[in-house]
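What follows is one structure encoded as structure tokens, with my remarks underneath.
Protein chains: 2
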Amino acid sequence: MDEQTTPEPAVTGPDAAYREGALDLLGLLAYGALTAFDRLAEDARMAPGLADKVQLATMAGRQVDHFGRIRDRLAESGVDVMAAMQPFHEPFNGYHEHTRPKDWLEGLVKAYVGDGIAVDFYREVAAFVDADTRALVHEVLADGGHGDFVVGRVRGAIEDDPKVGGRLALWGRRLVGEALSQAQRVAADRDALTSLLTGTVDRPGLDLAAVSRMFSRLIENHTRRMATLGLQS
Amino acid sequence: MDEQTTPEPAVTGPDAAYREGALDLLGLLAYGALTAFDRLAEDARMAPGLADKVQLATMAGRQVDHFGRIRDRLAESGVDVMAAMQPFHEPFNGYHEHTRPKDWLEGLVKAYVGDGIAVDFYREVAAFVDADTRALVHEVLADGGHGDFVVGRVRGAIEDDPKVGGRLALWGRRLVGEALSQAQRVAADRDALTSLLTGTVDRPGLDLAAVSRMFSRLIENHTRRMATLGLQS
Chain A
981 MDEQTTPEPA
991 VTGPDAAYRE
1001 GALDLLGLLA
1011 YGALTAFDRL
1021 AEDARMAPGL
1031 ADKVQLATMA
1041 GRQVDHFGRI
1051 RDRLAESGVD
1061 VMAAMQPFHE
1071 PFNGYHEHTR
1081 PKDWLEGLVK
1091 AYVGDGIAVD
1101 FYREVAAFVD
1111 ADTRALVHEV
1121 LADGGHGDFV
1131 VGRVRGAIED
1141 DPKVGGRLAL
1151 WGRRLVGEAL
1161 SQAQRVAADR
1171 DALTSLLTGT
1181 VDRPGLDLAA
1191 VSRMFSRLIE
1201 NHTRRMATLG
1211 LQS
Chain B
981 MDEQTTPEPA
991 VTGPDAAYRE
1001 GALDLLGLLA
1011 YGALTAFDRL
1021 AEDARMAPGL
1031 ADKVQLATMA
1041 GRQVDHFGRI
1051 RDRLAESGVD
1061 VMAAMQPFHE
1071 PFNGYHEHTR
1081 PKDWLEGLVK
1091 AYVGDGIAVD
1101 FYREVAAFVD
1111 ADTRALVHEV
1121 LADGGHGDFV
1131 VGRVRGAIED
1141 DPKVGGRLAL
1151 WGRRLVGEAL
1161 SQAQRVAADR
1171 DALTSLLTGT
1181 VDRPGLDLAA
1191 VSRMFSRLIE
1201 NHTRRMATLG
1211 LQS
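Chains as they are written, first to last, in my numbering: chain A, 981 to 1213; chain B, 981 to 1213.
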């Protein structure tokens, strides 16, 4: 059983641990959406032209919509989104502080590669929550076609100047390193979230082999995304 | 008749002038929404706490929705939003460059007082366009309850430190001065927009007395907003 406090510990026993894990997932997503908004809005300011700015602004606006959806869902369960997000301030702020894009292209790669690995991870966790929460998570994580925009811009920039590819490949590796290091931190701090994946005494989860396969999937998808951008991972 | 070029001069004669004026209004609103997004997202970064940041992020997200609605409407008329916004880059950029909030409170007052006078003006112009365009304008300009948030924050800050009121009152006056000076510029440059208000040979509009009454309404509303914030205008 998990002993850490929840924002609203309405029930105890296995259900409480499960509920806490699901709330953690939503809190994670909500704070992720807020920080993504912030970053995309800042990146929009580096856009080389107004059409590019509009794209980034639209992506930022979608994050606010996502935040609102998750806040409303949490409110239905009697949970304040502010409380649910609180445990995730440090890892997200840490990630963003350590991966400030220096220019427009670094911002695009971060939106694609960094968010990509986060989204994959959320989807893996969502497999273990109830159908309603899972549907919300999948809806919030749908790409909305902006990936194509990023891919076009990054590939175009590498075509114009192949040296850019080397720099952005390094950047992509750094993004993944930071993301995994912060994910580690979340996993260590949030037993309820981790036990959604690994199971508890009362509820079976993934065994060690399955966890390792999950990480393989995350890395494979990352490699595929880097290749799509024309970058070596 | 108005001689300036339109993004899509599909018809000529009085209808063309009218159409151009309506397109100008939508282009103005679209670029206004984009720059408002930008500014609100930047102001969100100055928020003293996460709840305040969420409020500003939500306001910024709404601007992106508005932009999308206007872009779609323009597209239905075969007009590219980028072309429609082009004439308004300079006045909006000028306004924002000259009125950069130095802190969180200045940002809030700008969102309330500066946007307030702009919204009033758009509504005045919207009285002269077709019902569909007018409905879109009114929908996009609906406040969404964020005004109450700003009023609460600003009044609270003045209660905590009455000196703040003096500083923000000066700031409010500067905002209006800059807004009017940029509006003047738009009026001088965009005959079609101006003639929506003043009419043409073929279509009656406001006479000079009516234009002057309109300005009185704008100033009265501004004074009322300043008073609502607890500021002398």
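Glycine residues also receive a C-beta, built at the ideal position from the N, C-alpha and C atoms. These figures come from a predicted structure and were not determined experimentally.
Judged by their CB atoms, Tyr-1092 (chain A) and Gly-1127 (chain A) are nearer to each other than the 9 Å cut-off. At least 9 Å separates the CB of Gly-1152 (chain B) from every CB of chain A.
Against chain B, the beta carbon of Met-1062 (chain A) has neighbours under 7 Å at Leu-1030, Ala-1031, listed in chain order. Counting only runs of 4 or more residues that sit fully inside the stretch 1098-1152 of chain B, the alpha helix (DSSP H) segments are 1111-1121, 1126-1140, in chain order. For Phe-1017 (chain B), at least one C-beta of chain A is nearer than 9 Å to its own C-beta. At a cut-off of 9 Å between beta-carbon atoms, His-1069 (chain B) makes contact with chain A. Between Arg-1025 (chain B) and chain A, the shortest Cβ-Cβ separation is below 9 Å. In this structure, the beta-carbon distance from Ala-1037 (chain B) to Ala-1024 (chain B) falls below 9 Å.
Pairing Glu-1158 (chain B) with Gly-1096 (chain B) gives a Cβ-Cβ distance that is not under 9 Å.
Look at Pro-1184 (chain B) here: in three-state DSSP terms it is strand. Where Tyr-1075 (chain A) is concerned, the enclosing alpha helix (DSSP H) starts and stops at 1069-1078.
Taking C-beta separations shorter than 8 Å and ignoring five residues to either side along the sequence, the partners of Met-1194 (chain B) in its chain run Glu-1104, Leu-1177, Leu-1186, following chain order. For the pair Ala-1055 (chain A) and Leu-1003 (chain A), the CB atoms are not nearer than the 9 Å cut-off.
When beta bridges are read from the DSSP output, Gly-1179 (chain A) appears opposite A:Pro-1184. Taking 9 Å as the threshold, the shortest C-beta distance from Met-1194 (chain A) to chain B does not fall below it. Two segments are said to touch when three or more pairs of C-beta atoms, one from each, lie closer than 8 Å; by this definition the stretch 1143-1158 of chain A touches the stretch 1062-1081 of chain A.
Only exposed fits Pro-1184 (chain A), as fewer than 16 other CB atoms lie within 10 angstroms of its CB. At the C-beta level, Ala-997 (chain A) and Ser-1175 (chain A) come within 9 Å of one another.
The beta carbon of Glu-1200 (chain B) sits no closer than 9 Å to any beta carbon of chain A. With 16 or more other Cβ atoms from the protein chains shown falling within 10 Å of its own Cβ, Val-1089 (chain B) counts as buried. At a beta-carbon threshold of 9 Å, none of the residues of chain B lie near Thr-1174 (chain A); the nearest stands roughly 25 Å away. In this structure, the straight-line span from the alpha carbon of Gly-1041 (chain B) to that of Gly-1048 (chain B) is close to 11 Å.
Taking 9 Å as the threshold, the shortest C-beta distance from Thr-1038 (chain A) to chain B falls below it.
For Ala-1091 (chain A), there is no enclosing alpha helix (DSSP H), as DSSP gives it neither H nor E. Rounded to whole angstroms, Ala-1168 (chain B) and Ser-1161 (chain B) show a C-alpha spacing of 11 Å. About 6 Å separates the beta carbons of Gly-1210 (chain A) and Gly-1145 (chain A), which is inside the 8 Å limit, making them a contact pair. Pairing Thr-1180 (chain B) with Val-1131 (chain B) gives a Cβ-Cβ distance that is not under 9 Å. In the structure shown, Val-1044 (chain A) adopts helical secondary structure according to DSSP, grouped into three states. At least one C-beta of chain A is nearer than 9 Å to the C-beta of Leu-1014 (chain B).
If the five residues before and after Asp-1083 (chain A) are omitted, its C-beta is found closer than 8 Å to the C-beta atoms of Met-1026, all from its own chain and listed in chain order. Rounded to the nearest whole angstrom, the C-alpha separation of Ser-1213 (chain A) and Thr-1203 (chain A) is 6 Å. Listed along the chain, the chain A residues whose CB falls inside 9 Å of the CB of Ala-1021 (chain B) are Phe-1017, Asp-1018, Leu-1020, Ala-1021, Glu-1022, Ala-1024, Arg-1025, Ala-1037, Ala-1040.
DSSP places Asp-1018 (chain B) in the helix class (H, G or I) of the three-state scheme.
Within a 10 Å sphere around the beta-carbon of Leu-1006 (chain A) sit 16 or more other beta-carbons, which makes this residue buried. Chain A has a Cβ within less than 9 Å of the Cβ of Asp-1045 (chain B).
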